[in-house]
Amino acid sequence: MARRTSRPLTRAAAFWDSSALIPLCVHQGLTPRAIALYKTYEAVVWWATPVEIASALARLVRMSRLDTHDWPQARRLASNLADAWSVIQPSNTIKA
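Just add 54 to the spot in the sequence shown (first one is 1) and you have this note's numbering.
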């Protein structure tokens with residue numbers, strides 16, 4: 055059901071919504087707290103999280119809260135996060 059990275063868990067796991075991951079990609083008021091939580095909890099996300107993050111970053115660009123020059127760095131940070139998180143895949147059990 056969940057795709058794990060090949061490395062073993064070193065911290066407690068917690069479900070992370072994409073709204074909690076965005077401050078790890080773009081400096082916001084919640085960024086220091088998000089970093090502290092990320093150091094404490096392994097990220098577990100649902101399968102559509104990469105789409106949600108891309109959408110949120112694009113929205114920040116449209117709202118002029120993320121400069122287009124900072125967009126590539128935010129996407130790289132999101133990609134680095136994706137390399138480390140575990141993914142809950144869709145299943146009939148979850149959909150029901």
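Think of the CB as a built atom: it goes at the ideal place given N, C-alpha and C, for glycine as much as any other residue.
- Secondary structure in the region 59-120: the alpha helix (DSSP H) runs of 4 residues or longer, each lying completely within the stretch, are 72-79, 85-94, 103-116 in chain order.
- Three or more Cβ pairs closer than 8 Å define a contact, and the region 92-100 meets that threshold against the region 134-146.
- The three-state reading of DSSP puts residue 133 in helix, counting H, G and I together.
- Under the three-pair Cβ rule at 8 Å, the region 70-83 counts as touching the region 122-141.
- The Cβ-Cβ distance between residue 132 and residue 108 falls below 9 Å.
- Under DSSP, residue 145 shares a beta bridge with no residue.
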